[in-house]
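Following: one structure in structure tokens, then a few remarks.
Number of protein chains: 2
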Amino acid sequence: MRAEIIAVGTELLLGQTVNTNATYLSQGLADIGVDVYFQTVVGDNAGRIVQAIELARSRAELIVFTGGLGPTQDDLTKDALADYLGKEIGIHGPSMDKIEALFSSRGMHMVESNRRQANCIQDSFPLVNDAGLAVGNALSQDGTHYVLLPGPPREMKPMFNGPAKEWILSILGEERRLYSRVLKFAGIGESSLEQALLDLIEGQSDPTIAPYAKEGEVAIRISTKAVSQLEAGARLDAAEEAIKERVGKHLYASEDIPLEEAIVRKLRATRRKLASAESITGGLFAELVTDIPGSSGEFVGGVVTYTNEMKHKLLSVPMTQLEGPDAPGAISESTAALMAERVRELTDCDYGVSLTGVAGPSESEGKPVGLVYFGIAERGKQTEVHTANLSGSRDIIRLRAAKSALYRLWQRLDNEK
Amino acid sequence: MRAEIIAVGTELLLGQTVNTNATYLSQGLADIGVDVYFQTVVGDNAGRIVQAIELARSRAELIVFTGGLGPTQDDLTKDALADYLGKEIGIHGPSMDKIEALFSSRGMHMVESNRRQANCIQDSFPLVNDAGLAVGNALSQDGTHYVLLPGPPREMKPMFNGPAKEWILSILGEERRLYSRVLKFAGIGESSLEQALLDLIEGQSDPTIAPYAKEGEVAIRISTKAVSQLEAGARLDAAEEAIKERVGKHLYASEDIPLEEAIVRKLRATRRKLASAESITGGLFAELVTDIPGSSGEFVGGVVTYTNEMKHKLLSVPMTQLEGPDAPGAISESTAALMAERVRELTDCDYGVSLTGVAGPSESEGKPVGLVYFGIAERGKQTEVHTANLSGSRDIIRLRAAKSALYRLWQRLDNEK
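Order-wise, the sequence lines are chains A and B. Residue numbers for the first sequence follow this note's numbering, so the first one is 1 and each next one is one higher. Residue numbers for the second sequence follow this note's numbering, so the first one is 1001 and each next one is one higher.
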């Protein structure tokens, strides 16, 4: 079944609100095997809402609206659709009772317009709103199915996940559902990943294989339609195997978790602890790791030594190492190694990770923007240092530096497991 | 001029990516007086992209695309539009040079598909991409104007704000332009700010006054249409004065800069240096400050003491202060004070800022989620400690904690200037 999402609200067209509803609904519909082909945003204008409905009818069987169910004069979705379908508007008794009860319990005078929230299009199925006052609607006419949800996400989500999804599933009937799995990769770019999997992607029919990039990481979603989890699982496993054969060394998780979470889990499993010494990333590495709830068991903390003086003061890196005509400088392999070793010793951890480099906008120590060194020190082992030449804006170089260091650490932990 | 935004990308229809580009562009277009009537999302499918173009042409004079300019086979925006307009695809020389130089400088083999990123529709104006490889396009045909921007926000934003906006403004020609000014506030919520300015907002006609919240900060945009900067400036100044009278103590900048940048500037002006000791924010405070280019002159670094052991080891906070039945604990006013003082001493800075608290998901030391203490130590002065009770998810609490600490520091610096 093809679906289209119509988000109604002038605030979206003014850029005052981000259309997270469309994202949420697309995901939820994909999960039950409904393909979203278009998302449309239209303002609070009856004529343009009808225009959007006409268009959506021509290219989808299911139209899901969010927004425009509230009490005010510019909440027009139900009126516009009823008008378009040639139907009357009625009142949903239980919703009206709820509205009246709420106002009387608070001793508040009810503005007449609040009654509008109990409106139901004639012959529609009311979708109860557990988190607000505006009742939703679901109805079918001439082979098109319509679902009307409120705009506020905290009302929309429970209504969609509860009565709306149930109604949609009843229409789908016994159709096969879509099952998918996300594979997460690090240390490889989106286009290289796609290149390595080109034969699979081009030859794909079922399961489908779709790469996508997000925040310094790369993911692949493999999806298949099946009648059961068991049937789907076997097909997804086979696709995952074929992908692993080609790019297995970059695969860090078969679920949608960030790289830092994979690392925290690995450290937890082996009861190891980690500390960091950051220059270029200025705290971002630590921030990413501590963003994982419960990471304090594995990540103890570290230092942000942004200046040479701090590298010397907090980590005892000799000034002769950092400054002077023959010194390697702060941005060097040997400084990265020293930083990693010193923070490990200082914190008495199993691993110390360091990051030093040039985030830009201009070069530093005569070294180019994007040059980064990562050190990984381990108790009783040889320290390793990696180099990367990263591109992008200052922000993105910092993010890529942090993710690259995480990837090197993940490789190290993986080799030792 | 009426505009429509077409975001291209199957990841949007699958709900894997939130369409923040549409929000950003809607806001940016509104700023220069262009009204957005529809936003559309379409997948990576040439037929459906053409369908979206046809429709948009029927209801808008300006069509702004984002996405689908990348190297892969499903990046189709340029091909689809060229096809629709009956134009050839050419190569933008400087962009191709940049792509080739990048790959050769890294000694990497260039996958052929990367050349696609230098594609330009015949007769189009190339929009240079300073943050990535895919060149944008702008062109007019038969009274419709087309602007093609990349999908990744970090590439899209500078291209839109730079060459794309300039091109659109040149089309708008001699019309009265919209001039606006952004005022940035801290230490006050969006609704309190709106409440304090209610008379101005309700009585507004010209300039318009629009509050909006973003990333732990609150901003007001005042806008006016005028024929010159001079005419606009006088009106904007008067509006800013009226706002200052009401909420001046929360206003930290009359331009759109983050709070951390205002602090770096203030420190620079007074030649002071800052260090941080973070627990709850795990590096986020340092990361925000070091995100400002050139901040190493003012921010030397600091420590992330995520565990009690590290607070003791790196900052010499006594264990009796942190643990034991009668100890104040890590999340306490006195620990915040000690952390701020010790990091200041350790780094020999003018200011030490500390953050300790509970980010959640569950309480810690029997203290509730959202409780945060901030310490500010200054050389030769009394240390101050502030408390906040923040709400939101773990991420949001961490961000709000960092911004609250920045606000307290900004107040301190402001009082001393």
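Positions of the beta carbon are idealized from the N, C-alpha and C atoms, including for glycine.
Item, Value
"Same chain, Cβ closer than 6 angstroms to A/Ser26, neighbours up to 5 away in sequence not counted", "Val36"
"Close-in-space but distant-in-sequence residues of the same chain around A/Lys244 (CB under 7 angstroms, 5 per side omitted)", "Leu251"
"Of the residues B/Ala1030, B/Asn1389, B/Glu1278, B/Gly1380, the one placed nearest B/Lys1165, counting alpha carbons only", "B/Ala1030"
"Beta-carbon proximity check, B/Val1111 vs A/Ser191, cutoff 8 angstroms", "yes"
"Simplified DSSP state of B/Ala1060, which is helix, strand or coil", "coil"
"A/Met448: contacting residues in chain B (beta-carbon distance under 9 angstroms)", "In the structure displayed, chain A extends from 1 to 417; residue 448 of chain A sits before or after that span and is not available."
"Range of the contiguous beta strand (DSSP E) that encloses B/Lys1184", "1177-1185"
"Cβ-based burial, A/Arg398 [other Cβ within 10 Å; buried from 16]", "buried"
"Neighbour flag for A/Ala286 against chain B, beta carbons, 8 angstroms", "yes"
"Nonlocal neighbours in the same chain, by C-beta distance under 8 angstroms from B/Trp1410, ignoring five residues either side", "Ala1186, Tyr1252, Leu1259, Ala1262, Ile1263, Lys1266"
"Test item: CB-CB of A/Arg154 and A/Ala138 under 8 angstroms", "no"
"Neighbour flag for B/Glu1011 against chain A, beta carbons, 8 angstroms", "yes"
"Classification of A/His145 by the beta-carbon crowding that lies within 10 angstroms, buried from 16 upward", "buried"
"Proximal chain A residues relative to B/Gly1033, where beta-carbon distance stays under 8 angstroms", "Within chain A, no residue comes near B/Gly1033; the closest Cβ sits about 13 angstroms away, beyond 8 angstroms."
"8 angstroms contact criterion, which A/Ala151 and A/Gly67 should meet: CB distance rounded", "Before going further, note that residue 151 of chain A is Gly rather than Ala in the sequence given. Contact holds; Cβ gap of about 3 angstroms."
"Start-end ranges of the alpha helix (DSSP H) lying completely within the stretch 1255-1293 of chain B, minimum 4 residues", "1259-1269, 1284-1290"
"For B/Ile1063, the nearest candidate out of B/Ile1053, B/Leu1371, B/Ile1032, B/Thr1010 (CA to CA)", "B/Ile1053"
"Minimum Cβ-Cβ distance from A/Gly86 to chain B less than 8 angstroms", "no"
"Interfacial residues, the stretch 1094-1122 of chain B to chain A, with Cβ spacing under 8 angstroms", "Leu1102, Ser1105, Arg1106, Val1111, Ser1113, Asn1114"
"Status (buried if at least 16 other CB within 10 Å, exposed otherwise) for A/Lys78", "buried"
"Sequence-distant residues of the same chain with beta carbon closer than 6 angstroms to B/Arg1412, five excluded per side", "Ile1376"
"Proximity test, Cβ basis, 8 angstroms: B/Leu1371 and chain A", "no"
"Which residues DSSP lists as bridging A/Tyr212, in chain order", "A/Ala219"
"Beta-carbon gap between A/Val372 and A/Ser404 smaller than 8 angstroms", "yes"
"Cβ-Cβ distance between A/Val41 and A/Leu12 below 8 angstroms", "yes"
"Straight-line Cα distance separating A/Leu178 from A/Arg201", "The residue asked about is misnamed: residue 201 of chain A is Ile in this sequence, not Arg. C-alpha separation (whole angstroms): 18 angstroms."
"Anticipated Cβ contact below 8 angstroms, B/Gln1321 with B/Thr1335, distance rounded", "6 angstroms"
"Status (buried if at least 16 other CB within 10 Å, exposed otherwise) for A/Arg116", "buried"
"Beta-ladder partner(s) of A/Gln204, from DSSP", "A/Gln204 pairs with nothing; no bridge assigned."
"Nonlocal neighbours in the same chain, by C-beta distance under 8 angstroms from A/Ile99, ignoring five residues either side", "Met110, Asn114, Arg115, Gln117, Ala118, Leu133"
"CA-to-CA distance, B/Gln1016 to B/Glu1217, given in whole angstroms", "26 angstroms"
"Pair within 8 angstroms by beta-carbon distance, B/Glu1278 and B/Leu1355", "yes"
"Rounded Cβ spacing between A/Phe65 and A/Leu149 (contact assumed at less than 8 angstroms)", "6 angstroms"
"Segment limits, alpha helix (DSSP H) that includes A/Ile331", "Neither: A/Ile331 is in no alpha helix (DSSP H) and is coded neither H nor E."
"8 angstroms Cβ cutoff, B/Gln1195 in contact with chain A", "no"
"Contact set between B/Ala1030 and chain A, taken where Cβ atoms lie within less than 8 angstroms", "Leu14, Gly15"
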